[in-house]
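First up is the structure itself, then whatever we jot down about it.
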Amino acid sequence: MWSIHQSYIDGAFVPVQGSERIDIANPATERVIGTVTLANRDDAKRAIAAANRAQPGMAGSTRAQRIEMLRRLEAAVLAHTDQIREATIEEYGGPLARSQWVSNYASQCFASTAQMLQDYAFERRLGDATVVMEPIGVAGLIAPWNSTAGSICSKLASAIAAGCASVVKPSELGPLQAQVVTEALHEAGLPDGVVNVLLGRGGDVGDEIATNPGIAKISFTGSTRTGKRIARAGLDTMKRVSLALSGKSATVVLDDADLASVLPLALNAAFMNNGQACVAGTRLLIPNVRMAQAIEHLRAAVAAMRVGDPRDAATAVGPLASQAQFERVQHFIRLGLAQGATLVAGGEGRPEGFVKGWFVRPTVFADVRNDMDIAREEIFGPVLSVIGYGDEDEAVDIANDSPYGLQAYVFSSQPQRALRVASRLRVGSVLVNRIGPELIAPFGGVKQSGIGREFGVFGMEAFLEPKSIAIADSPAQVAQAA
Ligand code: NAD
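Encoded structure:
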């Protein structure tokens, strides 16, 4: 049984002042595996104060010192890779391969950020001015439950590279994963207060971070609704905000694509992370002339898909993270049926043979119109909407007809043609003939999918503020200016 009743503040694990207790359950068995006491606003204030004490030291740190901190974090998190993977499986139900990927990524993002920092030009010359990229100040890093370790580590890597101390608020729904990561961060032995971590409610600890004048920057990953609330709350103190939000990504299969090789990738893009992925390609756009063939492929592929124990390497889809997620997905499956979509695979309820655990049936709907709720709303579960199109222009129009714009996928046997389509899509990133991201390229959304970019150099610059310093060459220039 896990017992998590401490926050990490000023370089030490300290008892939380909050009193709300919640249970942690394993979503595959529904069994309680631990309890957590949540931090409250007072804990958040202490963490923010500690980060502010650490900030001058961080702002004055050299490039070499920051690289050294990132390397220590990389090593410490790497040493905890197995624990992060196990926590991701046990608490979240992440399938083995995905959980392994996330736990590897947690240390790799420190390594790639250290690498990027080697050559970054913090100073550049523009006309008469020297432009200096300065740390923005103390950062609030707010993470969702569907990628706890990855979100914490990637945001933290960028903040440290930029010279910002941080207050991290993982989701209260991912305490075990957050605890394992925080223990690793502690072992890196950074100066006290550079990293502080609190598990607390969004409306309490999160709101304190969003409104406290001691926070200069918020890097948030989560739902569009919460992102807007945070942006509004941060306005009074003029916080800089980066918002990585919800998505409803389109996978565009062009008429020249080889369906047998492309559709398994498209399904993987839709159902990755048990469908609980912001970048899930949940609208599959298929040429009308190839629809019948595509549906047969999809039906067979989903029938062969293993749902079950996330620890089993053969499992493609594990349980959803919580009962709330289970109910949400059931609601959308019912809505799809009620609005006239055709069920190709899956449907309501648990898969056959399951009586416990938040397992759902991987579901594919055909005959979906892009104005149906299942095509517009982020369902956040393994539910795929297949939409037919006539020509390339119509495919682009449908893909772009969404409130969201996080990511898109394009498949074609002609890369140049796929790139032409990619250039017309209104999204933050496009993956062509692949579903794996490039993790040093900027990542983020347009429209309701967010503001700002994460990862690599763009991720670090989100924690920097340019300052221009122009100096007169001679007294004559001073007189002229006067
Ligand atoms: P959420 O918005 O409910 O919560 C995210 C975080 O915000 C949590 O830590 C939560 O406690 C906190 N929070 C809630 N209310 C708050 C408030 N008023 N002030 C400050 N903080 C508050 O999101 P979630 O359900 O945890 O995550 C799923 C969502 O995240 C999905 O919409 C998904 O698409 C999105 N997401 C986006 C990305 C991306 O990179 N674009 C990545 C992962 C997840």
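The opening residue of the sequence shown carries number 4 in this note's numbering; numbering runs sequentially from there.
Glycine included, C-beta positions come from ideal geometry on N, C-alpha and C.
Could you pull the start and end residues of the beta strand (DSSP E) that residue 144 belongs to? Mapped onto the sequence shown, residue 144 falls at position 141. 142 to 145 is the span of the beta strand (DSSP E), which, as asked, contains residue 144.
Start and end of the beta strand (DSSP E) containing residue 470? One-based indexing of the sequence shown puts residue 470 at position 467. That run of the beta strand (DSSP E) goes 467 to 473.
Tell me the start and end of each unbroken beta strand (DSSP E) in the region 158 to 216 that is at least 3 residues and wholly inside, in chain order. For the beta strand (DSSP E) assignment, the uninterrupted runs of no fewer than 3 residues enclosed by the region 158 to 216 are, from N- to C-terminal side, 169 to 172, 198 to 200.
Report yes or no: do three or more beta-carbon pairs, one from the region 346 to 361 and one from the region 241 to 255, lie closer than 8 angstroms? no
If contact is defined by three or more beta carbon pairs under 8 angstroms, each pair taking one atom from either stretch, is the region 230 to 242 in contact with the region 37 to 50? no
Determine whether the beta carbon atoms of residue 219 and residue 139 lie at a separation below 9 angstroms. The residue you call residue 219 lines up with position 216 of the sequence shown. The residue you call residue 139 lines up with position 136 of the sequence shown. Against a cut-off of 9 angstroms, the Cβ pair of residue 139 and residue 219 comes out as a contact.
Using CA coordinates, which residue listed in 66, 414, 172 is at the minimum distance from residue 284? As a first step, residue 284 is located in the sequence shown; it is residue number 281 there, counting from the start. Residue 414 holds the alpha-carbon nearest to the alpha-carbon of residue 284 among 66, 414, 172.
When you compare only the Cα positions, how much space is there between residue 87 and residue 396? Mapped onto the sequence shown, residue 87 falls at position 84. Mapped onto the sequence shown, residue 396 falls at position 393. Distance between the alpha carbons of residue 87 and residue 396: 44 angstroms.
Is residue 227 near ligand 1 - that is, is its Cβ less than 8 angstroms away from at least one heavy atom of it? Mapped onto the sequence shown, residue 227 falls at position 224. Yes, the beta carbon of residue 227 sits closer than 8 angstroms to at least one heavy atom of ligand 1.
Please check the pair residue 324 and residue 96, which I expect to be a contact at CB under 8 angstroms, by giving their CB distance rounded to whole angstroms. Locating residue 324 in the sequence shown gives position 321, counting from the first residue. Locating residue 96 in the sequence shown gives position 93, counting from the first residue. About 6 angstroms; that satisfies the 8 angstroms criterion.
Indicate, with yes or no, if ligand 1 has a heavy atom lying under 8 angstroms from the CB of residue 238. Locating residue 238 in the sequence shown gives position 235, counting from the first residue. Incorrect: residue 238 has no Cβ contact closer than 8 angstroms to ligand 1.
Which two residues bound the contiguous beta strand (DSSP E) that contains residue 221? On the sequence shown, residue 221 is found 218 positions in, with the first residue counted as 1. Unbroken beta strand (DSSP E) run through residue 221: 220 to 224.
Just tell me which of 267, 169, 178 has its CA closest to the CA of residue 300. Taking the first residue of the sequence shown as position 1, residue 300 is located at position 297. When only C-alpha atoms are compared, the closest one is 267.
Out of 384, 303, 314, 380, point me to the one whose CA is closest to residue 347's CA. For this step, residue 347 is matched to residue 344 along the sequence shown. If we check each option's Cα against that of residue 347, 303 comes out closest.
At a cut-off of 8 angstroms, would you count residue 385 as near ligand 1, judging by its Cβ distance to the nearest heavy atom? As a working note, residue 385 is residue 382 in the sequence shown. Every heavy atom of ligand 1 is 8 angstroms or more from the Cβ of residue 385, so no.
Using a Cβ-Cβ cut-off of 7 angstroms (strictly less than) and excluding sequence neighbours within five positions of residue 365, which residues of its own chain qualify? Residue mapping note: residue 365 aligns to position 362 of the sequence shown, counting from 1. These residues qualify, in order along the chain: 274, 305, 308, 310, 320, 348, 349, 385.
Touching or not, the region 178 to 196 and the region 125 to 134, by the rule of three or more beta carbon pairs under 8 angstroms? no
Tell me, to the nearest whole angstrom, how far the beta carbon of residue 6 is from that of residue 19; I am working on the premise that it is less than 8 angstroms. Numbered from 1 along the sequence shown, position 3 holds the residue referred to as residue 6. Numbered from 1 along the sequence shown, position 16 holds the residue referred to as residue 19. Going by Cβ atoms, the distance from residue 6 to residue 19 rounds to 12 angstroms, so no, they are not a contact pair.
Starting from the C-beta of residue 471, find all residues in its chain whose C-beta is less than 6 angstroms away, skip the five residues before and the five after it, and write them out in chain order. By 1-based counting over the sequence shown, the position of residue 471 is 468. Cβ within range, chain order: 132, 134.
Measure the CB-CB distance between residue 431 and residue 456 and report whether it falls below 9 angstroms. Here residue 431 refers to the residue found at position 428 of the sequence shown. Here residue 456 refers to the residue found at position 453 of the sequence shown. Yes, Cβ-Cβ distance for residue 431 and residue 456 is below 9 angstroms.
Do the region 96 to 113 and the region 146 to 162 meet, that is, are 3 or more Cβ pairs less than 8 angstroms apart? yes
Should residue 264 be labelled buried (16 or more other beta-carbon atoms within 10 Å of its own) or exposed? As a position in the sequence shown, residue 264 is number 261, starting the count at 1. Exposed, because fewer than 16 other Cβ atoms sit within 10 Å of the Cβ of residue 264.
Determine, using beta-carbon pairs with one atom in the region 15 to 29 and one in the region 57 to 75, whether at least three such pairs fall under 8 angstroms. No, they do not touch.
Just grab the DSSP bridge partners of residue 361 for me. The residue given as residue 361 occupies position 358 in the sequence shown. Paired residues: none, contrary to the question.
Nearest to residue 257 by alpha carbon, out of 353, 293, 387? Position 254 of the sequence shown holds residue 257. Checking every option, the nearest Cα to that of residue 257 belongs to 293.
Is the region 416 to 425 touching the region 193 to 202 in the sense that three or more CB pairs, one from each, lie closer than 8 angstroms? no
Report the three-state DSSP secondary structure of residue 37 (helix, strand or coil). Residue numbering aside, residue 37 sits at position 34 when the sequence shown is read from its first letter. Residue 37 sits in a strand when the DSSP states are folded into three classes.
For ligand 1, is there any heavy atom lying closer than 8 angstroms to the beta carbon of residue 175? By one-based count along the sequence shown, residue 175 stands at place 172. Yes, the beta carbon of residue 175 sits closer than 8 angstroms to at least one heavy atom of ligand 1.
Mind checking whether the beta-carbon of residue 281 lies closer than 8 angstroms to any heavy atom of ligand 1? Within the sequence shown, numbered from 1, the residue matching residue 281 stands at position 278. Checking the Cβ of residue 281 against ligand 1 gives yes.
Flag this pair as yes or no: are the beta carbons of residue 148 and residue 176 separated by less than 9 angstroms? If you number the sequence shown from 1, residue 148 lands on position 145. If you number the sequence shown from 1, residue 176 lands on position 173. Note that the C-beta distance between residue 148 and residue 176 is below 9 angstroms.
With distances taken from CA atoms, which of 291, 477, 329, 172 is nearest residue 497? Lying outside 4 to 485, the shown extent of the chain, residue 497 is not represented and no answer is given.
Distance between beta carbons of residue 98 and residue 254, contact taken as under 8 angstroms: Taking the sequence shown and counting its residues from 1, the one referred to as residue 254 is at position 251. Taking the sequence shown and counting its residues from 1, the one referred to as residue 98 is at position 95. At roughly 20 angstroms, the Cβ-Cβ gap does not stay under 8 angstroms, so residue 254 and residue 98 are not in contact.
Please list, in chain order, all residues of the same chain as residue 373 whose beta carbon is under 7 angstroms from its beta carbon, the five residues on each side excluded. For this step, residue 373 is matched to residue 370 along the sequence shown. Closer than 7 angstroms at Cβ, skipping near neighbours: 390, 401, 404.
If residue 12 sits next to residue 49, beta carbons under 8 angstroms apart, how far is it from one beta carbon to the other, in whole angstroms? To locate residue 12, count along the sequence shown from 1; it is residue 9. To locate residue 49, count along the sequence shown from 1; it is residue 46. So it is a contact: roughly 5 angstroms between Cβ atoms.
Nearer than 8 angstroms: is that true of the beta carbon of residue 457 relative to any heavy atom of ligand 1? Counting from one through the sequence shown, the residue named residue 457 turns up at place 454. Yes, Cβ of residue 457 sits closer than 8 angstroms to a heavy atom of ligand 1.
So, are the CB atoms of residue 387 and residue 287 less than 9 angstroms apart? Counting from 1 along the sequence shown, the entry for residue 387 is found at position 384. Counting from 1 along the sequence shown, the entry for residue 287 is found at position 284. Yes, they are a contact pair.
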